[in-house]
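Undergrad: Here it is: the structure, laid out below.
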Ligand SMILES: Cc1cc2nc3c(=O)[nH]c(=O)nc-3n(C[C@H](O)[C@H](O)[C@H](O)COP(=O)(O)OP(=O)(O)OC[C@H]3O[C@@H](n4cnc5c(N)ncnc54)[C@H](O)[C@@H]3O)c2cc1C
Ligand SMILES: Cc1cc2nc3c(=O)[nH]c(=O)nc-3n(C[C@H](O)[C@H](O)[C@H](O)COP(=O)(O)OP(=O)(O)OC[C@H]3O[C@@H](n4cnc5c(N)ncnc54)[C@H](O)[C@@H]3O)c2cc1C
Ligand SMILES: Cc1cc2nc3c(=O)[nH]c(=O)nc-3n(C[C@H](O)[C@H](O)[C@H](O)COP(=O)(O)O)c2cc1C
Ligand SMILES: Cc1cc2nc3c(=O)[nH]c(=O)nc-3n(C[C@H](O)[C@H](O)[C@H](O)COP(=O)(O)O)c2cc1C
Ligand code: FES
Ligand code: FES
């Protein structure tokens, strides 16, 4: 029997497959399609301190083998998430990871403190791609010092393991990973979206109301694999890999590159059953490529 | 009549379309397909001081809506390019731009000096994505100071305008653009490839012999547009835009985003006639979207 | 519970200027009972197009398990659709969203106002409304004569007025030109079309309760991604927003900000 | 001068284990006179696949303007090919590369050695060689019985020996097992197959002049991108490398490093 269970800090996963933050809401909509208990874990949409409406529409655009989104962290705010969204997930036998957003260190810390206290939450995913309002919009995710600082502060208050979600929009992803590792991160989650744009030829202006958006989907898979591979050479933290996964083969590629588990985002929009399908097919596919388990496969492409 | 001519430093272009460096060799092979005189310009494969064989094979891999390449700057060396390759291009009525590679400032300078002396060459495209061997492999293209330094030195010796080709693998593309602008660059060329990987599931290792490669093609178009748009807000230099162009609509998108002319790379592999086709169709397409000329369209999406 | 299916193309024909009519068959049809809902269609092979395309249900023939859609070719997705031939399969997710709330509507005077590709869902709506013994008047706006479709189909069910921007067919101008003369003792109105038109219509029809169907670019189409939201008119609304794919696409005319 | 064409699929059938035979028609066929050249095939719609796939010419029927290719489904491109049905169009660039240099070869004793999907180009080669009055012996290696194809076609032209890895058909083992007994007074040999096989063959046949056909992942397929290079054996060679797509895919057995 091919063992597809994975054990990560705070997370005992039946399988390495989880929906990526922002692509699965708070789970309710997808529960109409299949039993959420089948998932390795669920990563919920980013929580911020106050509720946010997000950006104006249009918020999404299709691109070649990908899409742009500029949702703008729309969410009801951490307290409402705890009171109105999380209870729905309780009956399912699946670990829930909360994505944590913010525009200041204080906001990250407060959200982390409150949501990590929820017994339903098993780990946090610290989304450091949000702009730092105080530092004039520089992203926490592109400055190793800022990233380390926010990680450190969040670690101080979080009662659950903290996975830091890295932005790919950087010159040196390894420096970012090392910075958050030494700040005490329990794991990494990579990659978030690449910043991109597209234009409306008729209107002669950026298609998204927000002008720029985050590029996701198969288009970015090579960048995700490269970054995970590079980080894996130098950092021992567990990595939840993501970026363009649509198949079991993609999952195996991410594992080979150095990921310990994976998240699936955009592909859920094209096929709402994609996570379930991949979970069902993964044991046979691993076997087909000669692996006895997920852990047997993970990082096999890195040792050289 | 829709005017598609464009005037840039050193370059009087009949039209804004040129093949991108590395995707068109030194022109000879494509001259079997159509008359090279139709092109706005030709950008030749990178020249280095000595001939280089490049990386081991496999050197290319297909990805979703893109490809990875790790050719490794294979070229016969600057002197042989001048003696054996450039004469072929002389009879065509088309400006030739030489892409300049190197692993040290000295190499860039020497190549620029020699090739800019050729009367066939109208401009240089300084490819700063090559690793800097002396500084331990940091790319010239990811450090604004190194980029400015090499630009400055090359400008000192070049008798032709210098377009600096920016790498997209950076946290802050605007800082890079500003650095080379103040170092005296005459124009920008953007973007080069995003670094990516893919894995061979059977061999359980990176598919490219070089492990990492450069991602090009439609997959990267949103990133290219975003970077051009961002740079255009802050820098006045002319921009030759590229990254995933396959159609007239794409060309117009790049112009709207702030480019003055464009280069077409990967699409030549799928359709060797692509540049010619786009040139033929561009006047009608511009008209369809209500533009009277390329210059009328350029940067229309930027003024807000 | 079936929520998706590879449906088979039965027919796909050019209907009007840049406009096609496609008939799909499959048991999923049995779920398509509410006018105003949409199908979320997969485009191209594999994952070549990462987003589905929302297209309204134009008509349903439950007996033959056939659903009709009408679409305008405006980009890569709809032009792919236009090239599909009978026998080919298209993956359909749906029906999605909430349609027009007409269950209780009977013996009423109703006004249906459509513009361009906002017309398709109104056909199924009109059919249902007429079945429920209502008296329907339809105002259908198009850009030009060649873009007009389903005039006869509507005429069989309702008093129908055609309006074209350029006056090449029917009344010249906008659908709102006709409203003053037709809104008389109308009980409800139903409208679908470009946002600018919906805006004008709901202004013109301020004093009549009505329902409008909105469009927005979608990600998931099932309510999970927050791509397709719009703000509520009521600032004290608990959420302050609606998801068009899930809460809509049909809203009360005074529920959301256009 | 015609260098590309949307050719029409005439036939596409399962030939052997994971192996298909496709016949394409179009005037481009008239250029396909050199055995060993390849076609560079566009995959999928639009720019969904950014790289073409190189597939050798298996046979050409100039009179009917038909070219046959045989391909193994190993990934997305070849499995797309396997789904194309008669009447569909495939964009072909080619013929590309230099084939086997056989113009002067007549009245000779020749050995043809193929492995797996290296066998296809050798069929057209053998046909031409036999037309030119040569005596050809063919050794064809496959993984297993079910993977064997074109045995009869070859037998009509040449003394043919089948070898399978697992011995389920013909000789068990490798093509090189048979060489000692067959190379006798052979004038030239021609080989195509996996690199390891070519390596073994050229070692075994060191003293006979021969030609081998190589494979490499390609970008442009026309000599412009430097994706498909290999090094020359001769270190003093002016360039030191060859482009497989343009200088090859056929080389003298001692020209390039395998
Ligand atoms: C609920 C709903 C019902 C609809 N019903 C119909 C109908 O019955 N007939 C019809 O012709 N059209 C209808 N539309 C509009 C239709 O969805 C778009 O015309 C179509 O998605 C365009 O796809 P494309 O690939 O051809 O265009 P492209 O511009 O190439 O599409 C690019 C992306 O933008 C999205 N997009 C572009 N325009 C629209 C739009 N107006 N609304 C939503 N998404 C858009 C596409 O879905 C795709 O993700 C409906 C839209 C919605 C939201
Ligand atoms: C000159 C030449 C002639 C060939 N003739 C034949 C033939 O007659 N029959 C046959 O079955 N195969 C032949 N091949 C191999 C064939 O090109 C590959 O099997 C095919 O490209 C695989 O494509 P894919 O999309 O199915 O596989 P994938 O692995 O999905 O392809 C991914 C990418 O890698 C490339 N690639 C993968 N394997 C190879 C390979 N072995 N050689 C070159 N590129 C590869 C593909 O072209 C594509 O760009 C030939 C190759 C060359 C170079
Ligand atoms: C519509 C959408 C919303 C997203 N929202 C979030 C978010 O709230 N927090 C976050 O960390 N990442 C968010 N992401 C990024 C994804 O979690 C994921 O990192 C990225 O999309 C790459 O994976 P994919 O290619 O499988 O989609 C979002 C992505 C999409 C497409
Ligand atoms: C095979 C290949 C070789 C390339 N070689 C070079 C090169 O020598 N110098 C350079 O500056 N860019 C090189 N590039 C990058 C292209 O010039 C271009 O910037 C990039 O591919 C993006 O454009 P595209 O998406 O249209 O291909 C190469 C790209 C490819 C695909
Ligand atoms: S499209 Fe995802 S919430 Fe409506
Ligand atoms: S494939 Fe481009 S040189 Fe051979």
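Protein chains in written order, with UniProt numbering: chain L, 1 to 304; chain V, 1 to 304; chain P, 1 to 258; chain Y, 1 to 258. We put the beta carbon where it would ideally sit given N, CA and C, even for glycine. None of these values were measured; they are calculated from a predicted model.
1) Cα-Cα, which of L:171, L:146, L:125 is closest to residue 133 of chain L?
2) Strictly below 9 Å CB to CB, what residues from chain L border residue 270 of chain V?
3) Which residues have their C-beta within less than 5 Å of a heavy atom of ligand 1, listed in chain order?
4) Skipping 5 residues on each side, what residues in its chain have a beta carbon closer than 6 Å to that of residue 84 of chain P?
5) Would you tell me roughly how many angstroms separate the C-alpha atoms of residue 238 of chain P and residue 114 of chain L, rounded to the nearest one?
6) Can you give me the C-alpha to C-alpha distance between residue 176 of chain Y and residue 204 of chain Y, rounded to a whole angstrom?
7) With 16 other CB atoms within 10 Å as the buried threshold, where does residue 66 of chain P fall?
8) Label residue 6 of chain P either buried or exposed according to how many other C-beta atoms from any shown protein chain fall within 10 Å of its C-beta, with 16 as the threshold for buried.
9) Can you pull the chain Y neighbours of residue 65 of chain V, defined as C-beta to C-beta under 9 Å?
10) Roughly how many angstroms lie between the CA atoms of residue 205 of chain L and residue 300 of chain V, to the nearest whole one?
11) Alpha carbon to alpha carbon, how far is residue 256 of chain P from residue 266 of chain V? Give it in angstroms, no decimals.
12) So, is residue 2 of chain P buried or exposed, given that buried needs 16 or more other C-beta atoms within 10 angstroms?
13) Under three-state DSSP, which class holds residue 116 of chain P?
14) Taking only beta-carbon atoms, is residue 26 of chain Y less than 8 Å away from chain P?
15) Could you tell me the distance, in whole angstroms, from the CA atom of residue 214 of chain Y to the CA atom of residue 44 of chain Y?
16) Could you tell me the distance, in whole angstroms, from the CA atom of residue 45 of chain V to the CA atom of residue 240 of chain P?
17) Would the beta-carbon of residue 192 of chain P be found less than 7 Å away from any heavy atom of ligand 3?
18) Of the residues L:163, L:285, L:276, L:227, which one's Cα is nearest the Cα of residue 39 of chain L?
19) With a 10 Å radius around its C-beta and 16 neighbouring C-beta atoms as the bar for buried, classify residue 61 of chain P as buried or exposed.
20) Can you pull the chain V neighbours of residue 148 of chain L, defined as C-beta to C-beta under 7 Å?
21) Could you tell me which of Y:146, Y:147, Y:138 sits nearest to residue 154 of chain Y, measuring between CA atoms?
22) Answer with buried or exposed for residue 243 of chain V, where buried requires no fewer than 16 other C-beta atoms within 10 angstroms of its C-beta.
23) If I'm right that residue 28 of chain Y touches residue 92 of chain Y with Cβ under 8 Å, what's the distance once you round it to whole angstroms?
24) Quick check: is any heavy atom of ligand 4 less than 7 Å from the C-beta of residue 265 of chain V?
25) Any chance the CB of residue 69 of chain Y is under 7 Å from a heavy atom of ligand 2?
26) Curious, which full-length beta strand (DSSP E) runs of at least 3 residues does the segment 159-204 of chain L contain?
27) To the nearest angstrom, how far is it from the Cα of residue 69 of chain V to the Cα of residue 60 of chain V?
28) Which word fits residue 197 of chain V, buried or exposed, when buried means at least 16 other C-beta atoms lie within 10 angstroms of its C-beta?
29) Mapping DSSP to helix, strand and coil, what is residue 227 of chain L?
30) Would you list the one or two residues that DSSP bridges to residue 139 of chain L?
31) Taking three-plus beta-carbon pairs below 8 Å as touching, is the segment 77-89 of chain V in contact with the segment 218-237 of chain V?
32) Could you work out which residues of chain P lie near residue 263 of chain L, taking near to mean beta carbons separated by less than 7 Å?
33) Quick check on residue 218 of chain V - is its C-beta less than 8 Å from some C-beta in chain L?
34) Pull up the DSSP beta-bridge partners for residue 19 of chain L, would you.
35) Please confirm whether residue 212 of chain L has its beta-carbon closer than 8 Å to some beta-carbon of chain V.
36) Would a check of beta-carbon distances place residue 132 of chain V closer than 8 Å to chain Y?
TA: Concretely, from the data shown:
1) If you compare the alpha carbons of L:171, L:146, L:125 with that of residue 133 of chain L, the shortest gap goes to L:146.
2) Simply none; closest approach about 13 Å.
3) Residues lining ligand 1 by the Cβ criterion, that is a Cβ closer than 5 Å to any of its heavy atoms, are L:62, P:38, P:51, P:53, P:54, P:55, P:56, P:71, P:72, P:74, P:75, P:76, P:77, P:78, P:117, P:120, P:215, P:217, P:249 in chain order.
4) Counting only Cβ-Cβ distances below 6 Å, and skipping sequence neighbours, we find 9, 12.
5) C-alpha separation (whole angstroms): 22 Å.
6) One C-alpha to the other measures close to 7 Å.
7) It counts as buried.
8) So residue 6 of chain P counts as exposed.
9) Within 9 Å Cβ-Cβ: 47, 48, 49, 50.
10) Each residue's CA atom was taken as its position, placing residue 205 of chain L and residue 300 of chain V some 8 Å apart.
11) The straight-line gap from Cα to Cα measures roughly 46 Å.
12) Around the beta carbon of residue 2 of chain P, fewer than 16 other beta carbons lie within 10 angstroms, which makes this residue exposed.
13) When DSSP states are grouped into helix, strand and coil, residue 116 of chain P belongs to the helix group.
14) No, because no Cβ of chain P sits closer than 8 Å to the Cβ of residue 26 of chain Y.
15) For residue 214 of chain Y and residue 44 of chain Y, the gap between their C-alpha atoms comes out near 25 Å.
16) Take the alpha-carbon of residue 45 of chain V and the one of residue 240 of chain P: they are about 56 Å apart.
17) Between ligand 3 and residue 192 of chain P, a heavy atom-to-CB distance of less than 7 Å is absent.
18) Sorting L:163, L:285, L:276, L:227 by C-alpha distance to the C-alpha of residue 39 of chain L places L:276 at the top.
19) Within a 10 Å sphere around the beta-carbon of residue 61 of chain P sit fewer than 16 other beta-carbons, which makes this residue exposed.
20) Those within 7 Å of residue 148 of chain L in chain V number zero; the least Cβ separation is about 15 Å.
21) Comparing Cα-Cα distances from residue 154 of chain Y to each of Y:146, Y:147, Y:138, the minimum goes to Y:138.
22) Classification for residue 243 of chain V: buried.
23) About 6 Å; that satisfies the 8 Å criterion.
24) Relative to ligand 4, the nearest heavy atom lies less than 7 Å away from the CB of residue 265 of chain V.
25) Checking every heavy atom of ligand 2 against the Cβ of residue 69 of chain Y, one is found closer than 7 Å.
26) Counting only runs that start and end inside the segment 159-204 of chain L, the beta strand (DSSP E) elements of at least 3 residues fall at 162-165, 187-190, 194-196.
27) Looking at the two C-alpha atoms, the distance is approximately 4 Å.
28) Result: buried.
29) DSSP places residue 227 of chain L in helix when its eight states are reduced to three.
30) L:131.
31) With a cut-off of 8 Å on Cβ pairs, the segment 77-89 of chain V is not in contact with the segment 218-237 of chain V, counting fewer than three such pairs.
32) Listed along the chain, the chain P residues whose CB falls inside 7 Å of the CB of residue 263 of chain L amount to none; the nearest CB is some 14 Å away.
33) Residue-level contact by beta carbon holds for residue 218 of chain V and chain L, with a gap shorter than 8 Å.
34) The partner list for residue 19 of chain L (beta bridge, DSSP) reads L:264.
35) For residue 212 of chain L, the answer is yes, since a Cβ of chain V falls inside 8 Å of its Cβ.
36) No, residue 132 of chain V does not count as interfacial toward chain Y.
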